[in-house]
Amino acid sequence: MGFIGYGLAAIAVGAILTFVLTTRPPGGFDLQVMGVILILGGALTVLLALLQRTRPRGNRSTSRSRQDGVDGGPPSSRSLPTERNPKE
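The sequence shown lines up with residues 168 to 255 when you count with the working numbering.
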């Protein structure tokens, strides 16, 4: 829930700056634009956190064949056909 909480907090602060504050501070810094930026950044953070949470993991099941052996180990060497070199 880590990054989802940060994203929701950024959305909440951005909404306060955008919709609640009506006074404009002196200078060129506009708090309403900053609020919109925070809302968009928070929404992107929540979206990415949810996508990362729902993506498939790397652990996949594997199937075993009869060649794996009875005990689950590697196939024994005696079950593999081998060619012997004739002695001269």
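Here a beta-carbon is modelled for each residue, glycine too, at the ideal position from N, C-alpha and C.
Do G209 and A177 come within 7 Å of each other at the CB atom, strictly closer than that value?
-> yes
6 Å Cβ shell around L205 - same chain, five flanking residues per side excluded | A177, V180, G181
Same chain only: Cβ atoms within 7 Å of L198, ignoring 5 sequence neighbours per side = L184, L188, P192
Terminal residues of the continuous alpha helix (DSSP H) containing R220?
-> 198-221
Mapping DSSP to helix, strand and coil, what is G194?
-> coil
Counting only the same chain and skipping the five closest in sequence on each side, list residues whose C-beta sits under 6 Å from that of G172.
-> none
Where does T189 sit, in a helix, a strand or coil, going by DSSP?
-> coil
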